[in-house]
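All the letters of the sequence shown, read from the start, carry residue numbers 1 to 197 under the working numbering.
Glycine residues also receive a C-beta, built at the ideal position from the N, C-alpha and C atoms.
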Amino acid sequence: MEIKTARFLMSNSSVQKCPDPNMPEFAFIGRSNVGKSSLINMLTNHKKLAKTSGRPGKTQLINHFVINDNWYLVDLPGYGYAKVSKNQRNKFQAYISDYIINRENLYCLFVLVDCRHEPQKIDMEFIEWLGEKQIPFALIFTKSDKLGKNQLHSNVAAYKKQLRKTWEELPPIFMSSAETGFGKEEILNFIAETDPS
Ligand code: GDP
Numbered sequence: 001m002e003i004k005t006a007r008f009l010m011s012n013s014s015v016q017k018c019p020d021p022n023m024p025e026f027a028f029i030g031r032s033n034v035g036k037s038s039l040i041n042m043l044t045n046h047k048k049l050a051k052t053s054g055r056p057g058k059t060q061l062i063n064h065f066v067i068n069d070n071w072y073l074v075d076l077p078g079y080g081y082a083k084v085s086k087n088q089r090n091k092f093q094a095y096i097s098d099y100i101i102n103r104e105n106l107y108c109l110f111v112l113v114d115c116r117h118e119p120q121k122i123d124m125e126f127i128e129w130l131g132e133k134q135i136p137f138a139l140i141f142t143k144s145d146k147l148g149k150n151q152l153h154s155n156v157a158a159y160k161k162q163l164r165k166t167w168e169e170l171p172p173i174f175m176s177s178a179e180t181g182f183g184k185e186e187i188l189n190f191i192a193e194t195d196p197s
């Protein structure tokens, strides 16, 4: 798939206020600083569609973008940022989980993990929870340009091994780099194939 048009539609903090679920939706989530905004900008050929920020935890809203006038891309808040207050964290986690569980047109949630790190507890717990709730998801290993090929593949293999402890079947897995554009075609093709419209 080629992205011809990408435009910001709205930001909000509740699934009830999201746009009508009249088009397929693909959402992106991950820990703060994982490279989510950079990946969204890379996929959509924009420099500033999603706001990259050196300040983790800044995007705390559900951000809708309309792509090619026929699907929604959603930028979700980063989870697990320690510096927001616990109360604030619980509050935004509640509306994110509410969105994930109840958004009827959510075809796939892309969970981003930094390829340089070992499986982190917070990510594994989140993935477990997605399984319990039967949410369709895929994994994207970001910042792949930061590792050599062998190290990258061995890190991904370690992650898979960890996942196999609880999952019989692994989710779709992608690697990406916002720097080089690596992974772009594969991710966009996956979206095109997942969307039956
Ligand atoms: P977000 O908080 O998840 O939206 O993360 P950002 O997209 O703002 O990226 C966080 C930091 O990682 C920024 O300094 C980016 O320049 C850097 N970054 C993001 N993606 C990549 C990547 O693919 N390769 C490299 N080398 N750096 C990246």
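{"Check": "Can you tell me whether DSSP reads Ile-3 as helix, strand or coil?", "Outcome": "coil"}
{"Check": "In the DSSP assignment, the beta strand (DSSP E) including Phe-174 goes from what residue to what residue?", "Outcome": "173–175"}
{"Check": "Drop a sphere of 10 angstroms on the beta-carbon of Ile-122, count the other beta-carbons inside from all chains shown, and report buried for 16 or more, exposed for fewer.", "Outcome": "exposed"}
{"Check": "Bridge partners for Ile-62 per DSSP, in chain order?", "Outcome": "Asn-12"}
{"Check": "Taking Cβ to Cβ, would you say Leu-163 is nearer than 8 angstroms to Arg-116?", "Outcome": "no"}
{"Check": "Keeping to the same chain, check which residues put their C-beta closer than 6 angstroms to that of Pro-172; ignore five residues upstream and five downstream.", "Outcome": "Ala-138"}
{"Check": "By a C-beta neighbour count over all protein chains shown, 10 Å radius and 16 as the cutoff for buried, is Ala-27 buried or exposed?", "Outcome": "buried"}
{"Check": "Do you know how far the Cα of Pro-77 is from the Cα of Asp-98?", "Outcome": "13 angstroms"}
{"Check": "Can you check whether the CB of Glu-25 is closer than 8 angstroms to the CB of Tyr-72?", "Outcome": "yes"}
{"Check": "On the premise that Gly-35 lies in contact with Leu-112, defined as a C-beta separation below 8 angstroms, what is that separation, rounded to the nearest angstrom?", "Outcome": "7 angstroms"}
{"Check": "From Asn-12 to His-64, what distance separates their C-alpha atoms?", "Outcome": "9 angstroms"}
{"Check": "Output the distance between the C-alpha atoms of Ile-191 and Asn-45, rounded to the nearest integer angstrom.", "Outcome": "16 angstroms"}
{"Check": "Measure the C-alpha to C-alpha separation of Glu-132 and Glu-179 and round it to an integer number of angstroms.", "Outcome": "34 angstroms"}
{"Check": "So, at 7 angstroms on beta carbons, what are the nonlocal neighbours of Asn-150 in its own chain, with the 5 sequence-adjacent residues on each side left out?", "Outcome": "none"}
{"Check": "Tell me which residues share the same chain as Tyr-95 and place their Cβ nearer than 6 angstroms to its Cβ, disregarding the 5 neighbours each side in the sequence.", "Outcome": "Ser-13, Ser-14"}
{"Check": "How big is the Cα-Cα spacing for Ile-187 and Ser-177?", "Outcome": "11 angstroms"}
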